[in-house]
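Participant: Sharing a structure, written as structure tokens. Questions coming.
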């Protein structure tokens, strides 16, 4: 699937660290000066930070309006006009739901601001967690067990308050938020909260009313409150506050004002909560006044909205007519997309086809199934002049897709690839092994036992891996990607777009045939000089590794040395730590990681952060400080020495006086500048820049474990 689109549905990218619902797709993994706007991420680093006000993002479209019931047939007997009018007047009408973006009156907004935020936990707490959530966001539901664990662990020391951030692409989230607020008026917020999350795929108006009945609510009051514009204003105001303080995705948390983004694990919350409890104990204060005081100190803008009575800027409605994206320019690059007619599933005869379409697909990708009608229309329109080849590219976040590909290829052994292909796409939400066995029995009948042996043996795993490797080489980063005589078309394109390119390629192929190229060899002739992406540069750079280098493992004895040039203020750099730790765990002493500093000029606080990490290294705590800085990355802006000293202590640095002296003296600046010079000499222009055994490594799928592993095994360790 197109990854820019996929995150809107899945909220997880291959290099994602933490789940979060947000607008957007997947970052490029590279930051260049000046910073290029990345394709937005659905996940984030979980930074603990002071949030700053940001420009509010457009919320999107209006909430869906319940369709009017179908007109009843006219009665046989006509009523007099007066009687008909009276009957119509008596017939109850369901009021239309309050639309998203409807401007509330000042009185409604003021009334909404006075509604108490639903809370649970301590009545006189040391720590207050403000949770912004969305009842249609799957990541929000996953954090609920963590919230329970927090309450079980800290008891009366912590209070959790729930606020709404109904994202615009979750069409039923805003009505659900209003339903929760209506239930709150009858003292049933938390039961409704649990009910909505347990049924997040069924949040239409009739579902909400059914849940209200199950909870024993006064239905007349509930229905009336559902139409109350004050509750609509409440949902909109809380969303506007979230936008104003930078919490644009869900779930978003503020722990005494310190930001935690995404469905973070308990340990992430614990680290911040423990700090805030200690601050409370040191100050010998707790309760509402302490919470307000602490919120103001940690996050003044948020304090002004929550406790200061300030109204946030309204979330602007998206302007009509500006919703369409500009079409991408036609890509005329020809990629060397090879196939094997003996191994690959095909429609059409490759010996007769003038145009060949090679599709990289994933049986769990909803966009791939939308492509199938276009390809069917291609075959119907062009007949023997075209052929369609199916290549497998199961994406890492589609856990059932690899087994589905294996099932389809085993079915191919019995001439049933395409029936299995259709069955899998028709049942893409049911692709567990038991489901696959059931489909095989249905399609293959008595041959299902032979299919089972093929499937259990993993016979085609190598072929699937080969398809994925080829996808990387031709930059087929997501699914579906279709190559028309080597020209890439990304996404579920309509037939008309295919027709335009097929017609162009048909003319080129016919010209080759006229010049004497046999039809069966046209495709090979067209792609023979096609573009192929190589993950490792040919140039080998010789980096210096000294006793002062920041290393994980021994770069002088390791078979594989991963050198990263990084910047502590670069958001993409923060995502490298997890996959590199996983690699180290897999390869042990055969792999070493070397961190080299490359603070970019427009990241003013990256240089002091680099020096701080090296001062921590003097006391054997580089990687602990490295992790702590990245975890608190957003708090680097305007960082003070005193804060860096606090962070060093939290990272395990014992002698804080020695650390402070090192930092204030600038003793490590020369080392940072030397590493920057080394990076520039080797072609580093942005961060992160990664080298494997001195060769620049670039990955179309991002710096994830699988991308590293495939390159290391194939190019460095020469594993087959």
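In my numbering, the protein residues as written are 13 to 732. Yeah, the Cβ is synthetic: ideal placement off N, Cα and C, and Gly gets one too.
1) With residue 716 and residue 406 assumed to form a contact (beta carbons below 8 Å), what rounded beta-carbon distance in angstroms separates them?
2) Report all residues from its chain with a CB closer than 7 Å to the CB of residue 96; omit the five preceding and five following residues, and keep chain order.
3) Indicate whether the contact test is met: 3 or more Cβ pairs, each with one atom in the region 589-607 and one in the region 551-570, closer than 8 Å.
4) Can we say the region 445-458 touches the region 383-391, given the rule of at least three CB pairs closer than 8 Å?
5) Flag this pair as yes or no: are the beta carbons of residue 134 and residue 169 separated by less than 8 Å?
6) Return the first residue and the last residue of the beta strand (DSSP E) that residue 358 is part of.
7) Spatial neighbours of residue 422 within its chain, please: CB distance less than 8 Å, with the 5 preceding and 5 following residues excluded, ordered by chain position.
8) Check the DSSP bridge columns for residue 563 and list the partner residues they point to.
9) In angstroms with no decimal places, state the Cα-to-Cα distance between residue 274 and residue 491.
10) Measuring CB atoms only, is the region 528-540 touching the region 658-676, in the sense that at least three cross pairs come out at less than 8 Å?
11) When burial is assigned at 16 or more other CB atoms within 10 Å of the CB, is residue 676 buried or exposed?
12) Since residue 653 is in the alpha helix (DSSP H), which residue starts that stretch and which ends it?
13) Consult DSSP for residue 354 and reduce its assignment to one of helix, strand or coil.
14) If you draw a straight line from the alpha carbon of residue 116 to that of residue 228, how long is it in whole angstroms?
15) Give a single yes or no on whether residue 643 has its beta carbon closer than 7 Å to a heavy atom of the ligand NAD.
16) So, using beta-carbon positions, are residue 499 and residue 344 closer together than 8 Å?
17) Mind the definition here: the region 170-185 touches the region 346-366 only if three or more C-beta pairs lie below 8 Å; say whether that holds.
18) Kindly give me the distance between the Cβ atoms of residue 690 and residue 555, rounded to whole angstroms, as I take these residues to be in contact under 8 Å.
19) Where do the ends of the alpha helix (DSSP H) carrying residue 445 lie?
20) What would DSSP say about residue 127, mapped onto helix, strand or coil?
21) Quick one, which of 510, 410, 730, 647 has its alpha-carbon nearest residue 389's?
22) Among 272, 610, 235, 144, which one has its Cα closest to the Cα of residue 205?
23) Could you check where the alpha helix (DSSP H) with residue 624 kicks off and where it finishes?
24) Using beta-carbon positions only, say whether residue 707 and residue 549 come within less than 8 Å of one another.
25) With DSSP as the reference, label residue 362 as helix, strand or coil.
26) DSSP three-state call for residue 301: helix, strand or coil?
27) If we count Cβ pairs, one from each stretch, closer than 8 Å, do we get three or more for the region 631-645 versus the region 254-266?
28) Compute the distance between the beta-carbons of residue 439 and residue 298, then report whether it is under 8 Å.
29) In this structure, does DSSP put residue 228 in helix, strand or coil?
30) Assuming the contact rule is C-beta atoms closer than 8 Å, residue 778 and residue 130 should be a hit. Round their C-beta distance to whole Å, please.
31) For residue 387, does the three-state DSSP call read helix, strand or coil?
Facilitator: From the atom records:
1) For this step, residue 716 is matched to residue 704 along the chain shown. For this step, residue 406 is matched to residue 394 along the chain shown. That pair is no contact at about 14 Å.
2) Taking the chain shown and counting its residues from 1, the one referred to as residue 96 is at position 84. Reliability fails at residue 96, whose pLDDT of 43 lies under 50, so the model's placement of it is uncertain and no value is given.
3) yes
4) no
5) On the chain shown, residue 134 is found 122 positions in, with the first residue counted as 1. On the chain shown, residue 169 is found 157 positions in, with the first residue counted as 1. Cβ atoms of residue 134 and residue 169: closer than 8 Å.
6) The residue you call residue 358 lines up with position 346 of the chain shown. Run containing residue 358: 357-359, per the beta strand (DSSP E) assignment.
7) For the purposes of this step, residue 422 is taken as the residue at position 410 of the chain shown. The answer, listed in chain order, is 452, 463, 466, 467, 471, 472.
8) Translated into positions along the chain shown, residue 563 becomes position 551. DSSP output for residue 563 lists 606 as bridge partner(s).
9) The residue labelled residue 274 in the question sits at position 262 within the chain shown. The residue labelled residue 491 in the question sits at position 479 within the chain shown. Distance between the alpha carbons of residue 274 and residue 491: 25 Å.
10) no
11) Here residue 676 corresponds to residue number 664 of the chain shown, with the count starting at 1. With fewer than 16 other Cβ atoms within 10 Å, it is exposed.
12) Taking the chain shown and counting its residues from 1, the one referred to as residue 653 is at position 641. Here the alpha helix (DSSP H) through residue 653 covers 653-662.
13) Locating residue 354 in the chain shown gives position 342, counting from the first residue. Per DSSP, reduced to three states, the secondary structure at residue 354 is coil, with no helix or strand assignment.
14) Counting from one through the chain shown, the residue named residue 116 turns up at place 104. Counting from one through the chain shown, the residue named residue 228 turns up at place 216. Spanning the two alpha carbons is a distance of roughly 30 Å.
15) With respect to the ligand NAD, the structure shown offers nothing to examine, as it has no ligands at all.
16) Here residue 499 refers to the residue found at position 487 when the chain shown is read from its first residue. Here residue 344 refers to the residue found at position 332 when the chain shown is read from its first residue. In this structure, residue 344 lies closer than 8 Å to residue 499 by Cβ.
17) When Cβ pairs closer than 8 Å are counted between the two stretches, the region 170-185 is seen not to touch the region 346-366, the count staying below three.
18) Counting from 1 along the chain shown, the entry for residue 690 is found at position 678. Counting from 1 along the chain shown, the entry for residue 555 is found at position 543. Rounded, the Cβ-Cβ distance is 7 Å, consistent with contact.
19) Here residue 445 corresponds to residue number 433 of the chain shown, with the count starting at 1. Looking at the DSSP string, the run of the alpha helix (DSSP H) that includes residue 445 is 445-456.
20) Within the chain shown, numbered from 1, the residue matching residue 127 stands at position 115. Of the three classes helix, strand and coil, the one that applies to residue 127 here is coil, per DSSP.
21) Reading the chain shown from its first residue, position 377 is the one you call residue 389. Among 510, 410, 730, 647, the Cα nearest to that of residue 389 belongs to 510.
22) As a first step, residue 205 must be located in the chain shown, where it is residue number 193. That would be 144, whose Cα lies nearest to the Cα of residue 205.
23) Taking the chain shown and counting its residues from 1, one reaches residue 624 at position 612. Counting along the chain, the alpha helix (DSSP H) containing residue 624 begins and ends at 618-629.
24) Sequence index remark: in the chain shown, residue 707 carries index 695 (1-based). Sequence index remark: in the chain shown, residue 549 carries index 537 (1-based). Residue 549 is positioned such that its CB atom lies closer than 8 Å to that of residue 707.
25) Within the chain shown, residue 362 is the residue found at index 350, counting from 1. Correct three-state label for residue 362: coil.
26) As a working note, residue 301 is residue 289 in the chain shown. It is helical.
27) With the cut-off at 8 Å, the region 631-645 and the region 254-266 do not touch.
28) The count along the chain shown starts at 1 and reaches residue 439 at position 427. The count along the chain shown starts at 1 and reaches residue 298 at position 286. The answer is no: Cβ separation not under 8 Å.
29) Working through the chain shown from its first residue, we reach residue 228 at position 216. If DSSP states are grouped into helix, strand and coil, residue 228 belongs with coil.
30) This structure leaves residue 778 out entirely; the chain is present only between 13 and 732.
31) Walking along the chain shown from the start, residue 387 turns up at place 375. In the structure shown, residue 387 adopts helical secondary structure according to DSSP, grouped into three states.
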